[in-house]
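*Asks:*
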Amino acid sequence: MVFPLINIKKKFLIYFRNFLLNTFTERKIPYSAQIEITLRCNANCQFCYIPTIPEGLKQHEMTTDQIKYIINQIAELGIISLSFTGGEPTLREDLPELIRYAGIHKNLITGLATNGYHLPYLFKNNLLKGLNYILISLDFPFAEQHDKIRGISVFNKVLESIKLANKKNIKIIISTNVMRSNIKFLPKICDLAKNFNCSIEMYPCENIIRTYNGNKFQAENLNNLIPDLHLWAKFVSFLQKKYKNILTDRYSIQVIEGGGFGGVPKNQEIMRCHVAETYLFIRHDGTISFPCKIHPIINFNALTKSLQSVFNSKKVKTIMKRHDNFTFCDGCRLGCAISSSLSAKWPTLFEKYIRNIIRGNL
99 MVFPLINIKK KFLIYFRNFL LNTFTERKIP YSAQIEITLR CNANCQFCYI
149 PTIPEGLKQH EMTTDQIKYI INQIAELGII SLSFTGGEPT LREDLPELIR
199 YAGIHKNLIT GLATNGYHLP YLFKNNLLKG LNYILISLDF PFAEQHDKIR
249 GISVFNKVLE SIKLANKKNI KIIISTNVMR SNIKFLPKIC DLAKNFNCSI
299 EMYPCENIIR TYNGNKFQAE NLNNLIPDLH LWAKFVSFLQ KKYKNILTDR
349 YSIQVIEGGG FGGVPKNQEI MRCHVAETYL FIRHDGTISF PCKIHPIINF
399 NALTKSLQSV FNSKKVKTIM KRHDNFTFCD GCRLGCAISS SLSAKWPTLF
449 EKYIRNIIRG NL
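Per our numbering, residue 99 is the first one in the sequence shown, and the count goes up by one each step.
1. Under 8 Å, do Ile-354 and Leu-327 count as touching if we go by C-beta distance?
2. From the DSSP secondary-structure annotation, give me the bridge partner or partners of Pro-187.
3. Just how far apart, CA to CA, sit Leu-103 and Asn-454?
4. At the level of alpha carbons, what is the spacing between Leu-447 and Pro-152?
5. Which value, in whole angstroms, describes the spacing of the CA atoms of Ser-335 and Asn-254?
6. Taking Asn-140 as the reference, which of Gly-358, Ala-173, Tyr-215, Glu-124 has the closest Cα?
7. Mark Gly-154 as exposed unless 16 or more other C-beta atoms lie within 10 angstroms of its C-beta, in which case mark it buried.
8. Please list, in chain order, all residues of the same chain as Tyr-310 whose beta carbon is under 6 Å from its beta carbon, the five residues on each side excluded.
9. Buried or exposed: which applies to Tyr-129, given that a residue is buried once 16 or more other Cβ atoms fall within 10 Å of its Cβ?
10. Counting C-beta neighbours from all protein chains within 10 Å, is the total for Pro-187 16 or more, i.e. buried, or is it exposed?
11. Is Val-362 helix, strand or coil when you go by DSSP?
12. For Ala-131, which residues does DSSP report across the bridge?
13. DSSP state of Lys-166, grouped into three classes?
14. Kindly indicate the opening and closing residues of the alpha helix (DSSP H) around Pro-445.
15. On a CA-only basis, which of Lys-412, Gly-429, Ile-260 is nearest Gln-352? Give me that one, please.
16. How should Arg-381 be labelled, buried or exposed, when 16 other C-beta atoms within 10 angstroms of its C-beta is the threshold for buried?
17. I'd like to know if the stretch 260-272 and the stretch 195-205 are in contact, where contact means that at least 3 CB-CB pairs between them fall below 8 Å.
18. When you compare the stretch 207-214 with the stretch 226-238, are there three or more beta-carbon pairs, one atom per stretch, that lie closer than 8 Å?
19. Can the beta-carbon of Leu-236 be found closer than 8 Å to that of Ile-287?
20. Name the one or two DSSP bridge partners that Asn-399 has.
21. Identify every run of the beta strand (DSSP E) within the stretch 294-372, keeping only runs that are complete inside it and at least 3 residues long; order them along the chain.
22. Determine whether the beta carbon atoms of Ile-405 and Ile-172 lie at a separation below 8 Å.
23. In the DSSP assignment, what are the bridge partners of Ser-273?
24. If you run the structure through DSSP and keep just helix, strand and coil, what is Ile-268?
25. So for Gly-209, helix, strand or coil by DSSP?
26. For Leu-118, I'd like the list of residues in its chain whose CB is within less than 6 Å of its CB, leaving aside the five on either flank, ordered along the chain.
27. In three-state DSSP terms, what is Ile-104?
28. By the three-class DSSP mapping on this structure, what secondary structure does Pro-285 have?
29. Let me confirm a value: Arg-248 is counted as buried when at least 16 other C-beta atoms fall within 10 Å, else exposed. Which label applies?
30. Who are the Cβ neighbours of Cys-143 in its own chain at under 7 Å, not counting the five residues just before and after it?
31. Terminal residues of the continuous alpha helix (DSSP H) containing Cys-434?
32. Do Cys-371 and Asp-422 have their C-beta atoms within less than 8 Å of each other?
In structure tokens, the structure reads:
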């Protein structure tokens, strides 16, 4: 959830309305949404499941009009923020049209999650009108290591993109996937972010498993990449004292270091998982899964069933009320689940979002 300085009061009033509805009524409205507009990607990241998915499953992308139809529903539902992701979303030629439609015509806070390879072209041709923020991947402060882990020569394009974004007044959030191999470089990456006027988030590498048609896909040898979570927590907490542009918050650190959501009682006392009610993820083919994209109990096709009816159905509300009390929730530390859950309660909302808005990080 990123709030540009303009329209901040209006956006906060919408959030407050949604908060009251979600807290005191049976009506549920997510605070943010994300559309996975493609599963294609021009990178080959060592920690990513996407390269393991057969090409045949990547071909069922929604059309431009279908995505606009879903954007219409997102706006009508009262969602505040929408981001585009993939795969690599900049591979879609209609991305500028979709951003403009969501950000300008539908007045949504609009974001883009990208590896940055095609951003210089998009910036130089003025094709990102309506975009408020970019979540850009940067795992090392050096080109050789970053390009190796990403499987593509992109480091210099990331730095170029950051400079161009600053000129266009588009907020850049550096997303660093913390691994055993780069944890010692976090101070240098924070320095880079500070010098380039960027915010930064640093979550540890995750073992993400995606299920399609009953088949599971995940990256190989991930245990060799995942850092020691206690070391990660200690290091990021230390860096927070020096760098005010760090978005990774203390609640997220406590939940992740403590073992994640699910059957860990002390983490449930800190923060429950609210992903099913606060965050809407639409797959590249229009599918919505509950409670989340990783553990689908029930699926809906957003192209044939309205979002209003989905979020007010008895089945979905039953799932929402269980939070992280499913067996598969035990040990989950999925970044999007944690981030979206932070928006559900005032203490975590203030820690993650309001304070960072005041600091100019969002």
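Even for Gly, the Cβ is constructed at its ideal location relative to N, Cα and C.
*Replies:* According to the data block:
1. yes
2. Paired residues: none, contrary to the question.
3. Caution applies to Leu-103, whose pLDDT of 45 falls short of 50 and renders its modelled position unreliable; the value that the coordinates give is listed next. For Leu-103 and Asn-454, the distance between alpha carbons rounds to 12 Å.
4. 39 Å
5. 29 Å
6. Tyr-215
7. exposed
8. Leu-155
9. buried
10. buried
11. coil
12. Leu-180, Leu-378
13. helix
14. 444-447
15. Gly-429
16. buried
17. no
18. yes
19. yes
20. Thr-385
21. 297-302, 308-310, 313-315
22. First, the residue type needs correcting, since residue 405 is Leu and not Ile in the sequence shown. Against a cut-off of 8 Å, the Cβ pair of Ile-172 and Leu-405 comes out as a contact.
23. Ser-235, Glu-299
24. coil
25. strand
26. none
27. Model confidence at Ile-104 stands at a pLDDT of 44, short of 50, so the residue's coordinates are unreliable and nothing is read from them.
28. helix
29. buried
30. Ile-247, Arg-248, Gly-249
31. 433-439
32. yes
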